[in-house]
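Asker: Those protein sequence lines, which keep their order, are chains A and B.
Heads up: the first sequence runs through residues 1 to 155, numbered per the UniProt record's numbering.
Heads up: the second sequence runs through residues 1 to 338, numbered per the UniProt record's numbering.
Before anything else, here's the structure in question.
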Amino acid sequence: MRCDWFKKNLSAYIDGEVNFLTRWRIKRHLKSCTDCYKDYIRLKNLRKISKIILLKNPEPGFYERLQAKLPRLNPNITLKKTGSLAKFWMLLPLPGKLAIGGVAILILFLLIIYPHLSGSSLNINKFEEEYLRSKEIFSVVEEPAPPLLPVSEER
Amino acid sequence: MRLSKLGVGLLSSLVQGLLITNLYCLADQGEEILRSAVNAPFHTDFEGIMESVFYTPTKTYTFKTKVIYQKSNFIYIEYLEPARIKGKIIIDNGKERIEYTPVNNKMDKLPSFASPKIEKIKQKALGVMLNNFEISRLSREVMRGREVYVISLNPRYSIEPLLKLWIDRKTYLPLKKEKYKPDGRLSSLLCYVEAKFGEHFPREIFYSKLPKIAANEKIEQDLFYYSGEEIKKRANFPLSFPAYLPPGYIFQGGEIIERERTVKLIYTDGLEVIILFQRPYTDILMRKNQWIKWGNLRVRFKESPHGKVFTWNKDKKTFVLIGELPLEEFVKIIQSIK
Chain A
1 MRCDWFKKNL SAYIDGEVNF LTRWRIKRHL KSCTDCYKDY IRLKNLRKIS
51 KIILLKNPEP GFYERLQAKL PRLNPNITLK KTGSLAKFWM LLPLPGKLAI
101 GGVAILILFL LIIYPHLSGS SLNINKFEEE YLRSKEIFSV VEEPAPPLLP
151 VSEER
Chain B
1 MRLSKLGVGL LSSLVQGLLI TNLYCLADQG EEILRSAVNA PFHTDFEGIM
51 ESVFYTPTKT YTFKTKVIYQ KSNFIYIEYL EPARIKGKII IDNGKERIEY
101 TPVNNKMDKL PSFASPKIEK IKQKALGVML NNFEISRLSR EVMRGREVYV
151 ISLNPRYSIE PLLKLWIDRK TYLPLKKEKY KPDGRLSSLL CYVEAKFGEH
201 FPREIFYSKL PKIAANEKIE QDLFYYSGEE IKKRANFPLS FPAYLPPGYI
251 FQGGEIIERE RTVKLIYTDG LEVIILFQRP YTDILMRKNQ WIKWGNLRVR
301 FKESPHGKVF TWNKDKKTFV LIGELPLEEF VKIIQSIK
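The following block contains the structure:
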């Protein structure tokens, strides 16, 4: 990994704004590159200090003026709160997304398509149907034959 | 005195001769009536409601069917009861036989039962049946205002059932059937509870209940029956055949079904049919059935209104045997399969 790429993403990394894969790459780079590690510690300490410093209150009427400058929101639009699952999906790298998609397709195949392809279990009804058909054809007095009854009707 | 004795003797011999001849004639008549009855549905105008009752050791199954026969070569069958099969329709128009099941919206097309191919099979089955059953005409009766012949099919072998038929004298249409098990118990009863003769309908009305099929849709399913040697060559796995067959039964033919995965071997005595299915090993997953253990073999057994169903795995293959026979006969067949 190049150090300039690392430096470009370092700030976002400290703020927790990078995705799963970038985070993992940066961590790996930190273990191997001493200069970058020093930069990382420096920037981290700077962030710590900046948090401690108390911000001076803005001038009176600052928020009102800011509000007036902001574009007005359409009242019909409702803002959706992003769930943890959606966040997880967004943060997931592409290979992870592909892996999950692949597993889902495999499960669907096993549940829906495979039983029809393999004939893994025996459908006795099919054989009974065949038996009745042959009985109609090969027996002299079997017209009309009783049909296959899915569930018995008891008298 | 001597002359009168001689006259009496001659007379009694004549009477005896006449009686014997009459008996033979009646037997012949029985056979003729049965031959006519086989094809009668395709040459009669008839509308009726048939009630069929099937008795098994644990349950009694009842079916109600609307049956319409039309001259020439047209059959319409609609199942009315029980609710689970209500609406199933069979139309045989002399060219093809359409079977429609509304529950799963399934439609099958087969060759007509009046086609030369099936006609030939029926004639062969009739020949087999005449070898295995003695047909006798019992009497003439009146049933729902119509004269009927009562025919009895008496089995030559103790394992076969006894059948009694009530056949309409004018049209030769069977109006009632009673089938008895070898032990004398009634196994099934089929009887028309409503019957109208001479009713004629335009055929189009019968097709209105079927869903429309696209003209180019191919659902034709032809029937091919092979001899024992032929089926061995055509099957894509080694076949097994039973060394034992119940008396009177012969091998009628083999069929390959389920996209060439299953082989169906058909045996008949003319009246009953035994089918042995076999296919490469498949898991047997059946509920509400019972296992029977015969030596090393574990066989699953099910009794349905149509007969006994046996399923087992052996030699990397799965077998299904279906038929109506005493249990001991099935044991002999299954144990003889090699």
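Even glycine gets a Cβ: it sits at the ideal position worked out from N, Cα and C.
Here the structure is a predicted model, which is why all the values come from computation and not from measurement.
1. Interface residues of chain A around B/His200 at Cβ under 9 Å?
2. Looking at chain A, is there any beta carbon in it that lies within less than 8 Å of the beta carbon of B/Ile219?
3. Report, in whole angstroms, the separation of the C-beta atoms of B/Ile275 and A/Ser134, which I expect to be a contact under 8 Å.
4. Residue ranges of each beta strand (DSSP E) run of no fewer than 3 residues wholly in the region 83 to 146 of chain B, ordered along the chain?
5. How should A/Met90 be labelled, buried or exposed, when 16 other C-beta atoms within 10 angstroms of its C-beta is the threshold for buried?
6. Tell me which residues share the same chain as B/Lys181 and place their Cβ nearer than 7 Å to its Cβ, disregarding the 5 neighbours each side in the sequence.
7. Please report the straight-line C-alpha distance between B/Thr268 and B/Tyr244, rounded to a whole angstrom.
8. Could you check whether the Cβ of B/Met129 sits closer than 8 Å to any Cβ belonging to chain A?
9. Roughly how many whole angstroms lie between the Cα atoms of B/Leu175 and B/Asn313?
10. Could you confirm whether any beta carbon from chain A is found closer than 8 Å to the beta carbon of B/Ala235?
11. Alpha carbon to alpha carbon, how far is B/Glu47 from B/Trp294?
12. Put B/Leu239 into one of helix, strand or coil per three-state DSSP.
13. For B/Leu271 and B/Met129, which I take to be in contact (beta-carbon distance under 8 Å), what is that distance rounded to the nearest angstrom?
14. May I ask you to list the residues that DSSP assigns as paired with A/Leu91?
15. Taking its Cβ as the centre, do 16 or more other Cβ atoms sit within 10 Å of B/Thr65, making it buried, or is it exposed?
16. What residues from chain B crowd round A/Ile137, counting only those whose CB sits closer than 8 Å?
17. In chain A, what lies closer than 7 Å to B/Ala125 by C-beta?
18. Could you compute how far the alpha carbon of B/Lys170 sits from the alpha carbon of B/Pro202?
19. Which residue marks the beginning of the alpha helix (DSSP H) containing B/Ala40, and which one marks its end?
20. The region 3 to 28 of chain A: which residues have C-beta closer than 7 Å to a C-beta of chain B, in chain order?
21. Just curious, the alpha helix (DSSP H) that A/Lys7 is in, first and last residue?
22. For the pair the region 93 to 112 of chain B and the region 147 to 159 of chain B, tell me if three or more CB-CB distances fall below 8 Å.
23. Name, please, each residue of chain A whose Cβ falls closer than 7 Å to the Cβ of B/His306.
24. In whole angstroms, what separates the C-alpha of B/Tyr76 from that of A/Glu130?
25. What ranges does the alpha helix (DSSP H) occupy inside the UniProt domain "DUF4367" (242 to 337) of chain B, keeping only unbroken runs of at least 4 residues that lie completely in it?
26. Would a C-beta distance cut-off of 8 Å place B/Leu239 and B/Ile250 closer than the cut-off?
27. Between which two residues does the beta strand (DSSP E) holding B/Tyr55 run?
28. With respect to the alpha helix (DSSP H) encompassing A/Ser32, which residues constitute its N-terminal and C-terminal limits?
29. So what's B/Lys209 in DSSP terms, helix, strand or just coil?
30. Which of the three DSSP states, helix, strand or coil, is assigned to B/Phe224?
31. Nearest to A/Leu21 by alpha carbon, out of A/Leu70, A/Pro71, A/Phe88?
32. Can you tell which of B/Arg97, B/Phe63, B/Lys71 has the C-alpha that lies nearest to the C-alpha of B/Ile85?
33. Leaving out five residues on either side along the sequence, give the residues of the same chain with a beta carbon under 8 Å from the beta carbon of B/Thr56.
34. Just verifying my parser: in three-state terms, what is the DSSP assignment at B/Ala214?
35. At a CB distance below 9 Å, what residues from the region 140 to 167 of chain B approach chain A? Give them in sequence order.
36. Hey, does B/Thr311 have any beta-carbon neighbour from chain A nearer than 8 Å?
Answerer: Judging by the given coordinates:
1. Numbered from 1 along the second sequence, position 200 holds the residue referred to as residue 200 of chain B. By Cβ distance, chain A contributes nothing, its closest Cβ being about 20 Å from B/His200, past 9 Å.
2. Residue 219 of chain B sits at position 219 when you count from the first residue of the second sequence. Reliability of the predicted coordinates at B/Ile219 is poor, the pLDDT of 49 falling under 50, and the value obtained from them is presented with this limitation in mind. Taking Cβ atoms only, chain A never reaches closer than 8 Å to B/Ile219, which makes this a no.
3. Locating residue 275 of chain B in the second sequence gives position 275, counting from the first residue. Locating residue 134 of chain A in the first sequence gives position 134, counting from the first residue. Contact flag correct, Cβ pair sits at about 6 Å.
4. 89 to 92, 96 to 101, 106 to 111, 133 to 143
5. For the purposes of this step, residue 90 of chain A is taken as the residue at position 90 of the first sequence. Exposed, since its Cβ has fewer than 16 Cβ neighbours within 10 Å.
6. Locating residue 181 of chain B in the second sequence gives position 181, where the first residue counts as 1. Hits under 7 Å: Pro161, Ser187.
7. On the second sequence, position 268 is the one that residue 268 of chain B refers to. On the second sequence, position 244 is the one that residue 244 of chain B refers to. Using only the alpha carbons, I get a separation of about 13 Å.
8. The residue labelled residue 129 of chain B in the question sits at position 129 within the second sequence. By this cut-off, B/Met129 is an interface position.
9. For the purposes of this step, residue 175 of chain B is taken as the residue at position 175 of the second sequence. For the purposes of this step, residue 313 of chain B is taken as the residue at position 313 of the second sequence. Taking the straight line from one Cα to the other gives about 42 Å.
10. Stepping through the second sequence from its first residue, residue 235 of chain B is reached at position 235. Not closer than 8 Å to any Cβ of chain A, the Cβ of B/Ala235 fails to qualify, so no.
11. Residue numbering aside, residue 47 of chain B sits at position 47 when the second sequence is read from its first letter. Residue numbering aside, residue 294 of chain B sits at position 294 when the second sequence is read from its first letter. When rounded, the distance between both Cα atoms is 49 Å.
12. As a position in the second sequence, residue 239 of chain B is number 239, starting the count at 1. It is coil, neither helix nor strand.
13. Numbered from its first residue, the second sequence carries residue 271 of chain B at position 271. Numbered from its first residue, the second sequence carries residue 129 of chain B at position 129. Contact holds; Cβ gap of about 5 Å.
14. Walking along the first sequence from the start, residue 91 of chain A turns up at place 91. A/Leu91 is not bridged to any residue.
15. Along the second sequence, one-based indexing puts residue 65 of chain B at 65. Buried, since its Cβ has 16 or more Cβ neighbours within 10 Å.
16. Indexing the first sequence from 1 puts residue 137 of chain A at position 137. Residues of chain B passing the Cβ test: Phe113, Ile118, Ile121, Lys122, Leu223.
17. For this step, residue 125 of chain B is matched to residue 125 along the second sequence. Phe138, Ser139, Val140, listed in chain order.
18. Sequence index remark: in the second sequence, residue 170 of chain B carries index 170 (1-based). Sequence index remark: in the second sequence, residue 202 of chain B carries index 202 (1-based). Going by the C-alpha atoms only, they are around 23 Å apart.
19. By one-based count along the second sequence, residue 40 of chain B stands at place 40. Careful: B/Ala40 lies outside any alpha helix (DSSP H) and carries neither H nor E.
20. none
21. As a first step, residue 7 of chain A must be located in the first sequence, where it is residue number 7. It spans 3 to 14 - the alpha helix (DSSP H) in which A/Lys7 sits, taken as one unbroken run.
22. no
23. Residue 306 of chain B sits at position 306 when you count from the first residue of the second sequence. Ordered by position in chain A, the residues that pass the 7 Å Cβ test against B/His306 are Glu128, Tyr131, Leu132, Pro146.
24. Residue 76 of chain B sits at position 76 when you count from the first residue of the second sequence. Residue 130 of chain A sits at position 130 when you count from the first residue of the first sequence. The straight-line gap from Cα to Cα measures roughly 20 Å.
25. 327 to 336
26. Numbered from 1 along the second sequence, position 239 holds the residue referred to as residue 239 of chain B. Numbered from 1 along the second sequence, position 250 holds the residue referred to as residue 250 of chain B. No, the Cβ-Cβ distance between B/Leu239 and B/Ile250 is not below 8 Å.
27. Here residue 55 of chain B refers to the residue found at position 55 of the second sequence. That run of the beta strand (DSSP E) goes 46 to 55.
28. Counted from its first residue, the first sequence places residue 32 of chain A at position 32. Note, A/Ser32: alpha helix (DSSP H), 20 to 32.
29. Locating residue 209 of chain B in the second sequence gives position 209, counting from the first residue. If DSSP states are grouped into helix, strand and coil, B/Lys209 belongs with coil.
30. If you number the second sequence from 1, residue 224 of chain B lands on position 224. B/Phe224: coil per DSSP, three-state reduction.
31. As a position in the first sequence, residue 21 of chain A is number 21, starting the count at 1. Checked all of A/Leu70, A/Pro71, A/Phe88; the closest Cα to A/Leu21 is A/Phe88.
32. The residue you call residue 85 of chain B lines up with position 85 of the second sequence. With distances taken between Cα atoms, B/Ile85 lies closest to B/Phe63.
33. Here the question's residue 56 of chain B lines up with position 56 in the second sequence. Correct list, in chain order: Glu303, Ser304, Pro305.
34. Along the second sequence, read from residue 1 onward, the residue named residue 214 of chain B stands at position 214. With a pLDDT of only 45 at B/Ala214, under 50, the local geometry of the prediction cannot be trusted, and the value read off the model is given with reservation. Looking at B/Ala214 - three-state DSSP - the assignment turns out to be coil, as it is neither helix nor strand.
35. Leu153, Leu163, Leu165
36. Working through the second sequence from its first residue, we reach residue 311 of chain B at position 311. Chain A, which has a Cβ nearer than 8 Å to the Cβ of B/Thr311, makes this yes.
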